[in-house]
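**Student:** According to full-length UniProt numbering, the residues represented by the sequence shown are 1 to 209, in order.
Okay, here's the structure, questions in a sec.
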Amino acid sequence: MVRKELLNYYQYGLKEAKIQAMIAPLIGLVIMLLLVVILGYGGMRVSSGALTAGDLVAFIMYLFQIVMPMGQLTFFFTQFQKATGATERIISILEMDKEDNDSEQKVQNVNQSITVDHLSFSYKNGENVLKDISFSVEPGKVTAIVGPSGSGRTTLVIAHRLSTVIDADQILFFEKGKITGSGTHEELIQTHSLYREFATQQLRMREPV
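In structure tokens form, the structure reads like this:
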């Protein structure tokens with residue numbers, strides 16, 4: 001279903017590109033033909049003394065000031081139609097009924113720890129993003145997942161606010177799909193050089209003296 005919609009969107013995009021590619025040269029051709037006709041007829045009027053050269057130049061300048069905005073209106077109309085369709089879609093989403101999240105089933109035993117044991121993960125036809133990951137999260141504790149871009153942390157869990165990292169009870173530092181450091185913010189600042197660089201640049205923390 002999604003593939004079909006994307007294919008339709010791609011085909012519509014090609015049609016739009018073809019139309020725009022034809023409109024611009026067509027408008028330019030019409031303007032040039034109009035200019036040739038005006039210069040030919042105006043030249044004859046100037047040579048006969050019925051029109052001065054200054055009047056002819058002024059007429060051409062005024063004509064261009066009228067024609068050029070008309071050409072821009074065609075592009076504006078195309079963009080306006082696209083914006084109208086997108087706006088209607090956004091409004092339809094905003095007007096959708098809210099889901100009822102109230103459920104009779106309540107989560108029980110929330111005081112249990114979460115353990116990840118030797119977890120590896122790879123996307124289709126790709127190398128492992130996560131490589132033999134193991135860690136445990138105790139109940140009531142905050143665990144921060146940090147690391148450079150492409151380290152695999154987003155694959156494991158959606159990134160959260162950076163302010164949470166500093167106050168976390170446990171920080172797991174990912175590097176190339178592996179955990180290379182574990183501890184509190186203060187501990188990793190002292191013992192993990194890459195985390196210290198990350199904290200300095202991303203969290204805007206000062207390096208300890």
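Glycine included, each C-beta is placed from N, C-alpha and C at the ideal position.
Remember, it's a predicted structure, so these values are computed and weren't measured experimentally.
Pair every Cβ in the stretch 128–148 with every Cβ in the stretch 184–204, then say whether three or more of these pairs are closer than 8 Å.
**Tutor:** The stretch 128–148 is in contact with the stretch 184–204.
**Student:** Which residues mark the beginning and the end of the beta strand (DSSP E) in which S134 is found?
**Tutor:** Start and end: N128 to V137.
**Student:** Among the residues of its own chain, which have a CB less than 8 Å from the CB of D169, if the five just before and after it don't count?
**Tutor:** Once the five neighbours on either side are set aside, the close Cβ partners of D169 are E138, K141, V142, T143 and T184.
**Student:** Can you name the start and end residues of the beta strand (DSSP E) that D117 belongs to?
**Tutor:** Element bounds for D117: I114 to S122.
**Student:** Give me the Cβ distance between I166 and L172, rounded to the nearest whole Å; I'm assuming they're in contact under 8 Å.
**Tutor:** Rounded, the Cβ-Cβ distance is 14 Å, inconsistent with contact.
**Student:** Go ahead and pull the three-state DSSP assignment for residue 215.
**Tutor:** Residue 215 lies beyond the residue range present for the chain, which begins at 1 and ends at 209; the question has no answer from this structure.
**Student:** Report the rounded CA-to-CA distance for V129 versus S122, giving the unit in angstroms.
**Tutor:** Their backbone Cα atoms lie some 5 Å apart in a straight line.
**Student:** Going by alpha carbons, who is nearest to A53 out of L63, L39 and I66?
**Tutor:** Looking at the Cα atoms, L39 is the closest of the given residues.
**Student:** Give a yes or no on contact between the stretch 47–63 and the stretch 19–38, applying the rule of three or more CB pairs nearer than 8 Å.
**Tutor:** Counting Cβ pairs under 8 Å, three or more are found: they touch.
**Student:** Quickly, what does DSSP pair A24 with across the bridge? List them, please.
**Tutor:** In the DSSP output, where bridge partners are listed per residue, A24 has none listed.
**Student:** Among the residues of its own chain, which have a CB less than 7 Å from the CB of residue 223, if the five just before and after it don't count?
**Tutor:** Residue 223 cannot be examined here, being either before or after the span of the chain that is shown, 1 to 209.
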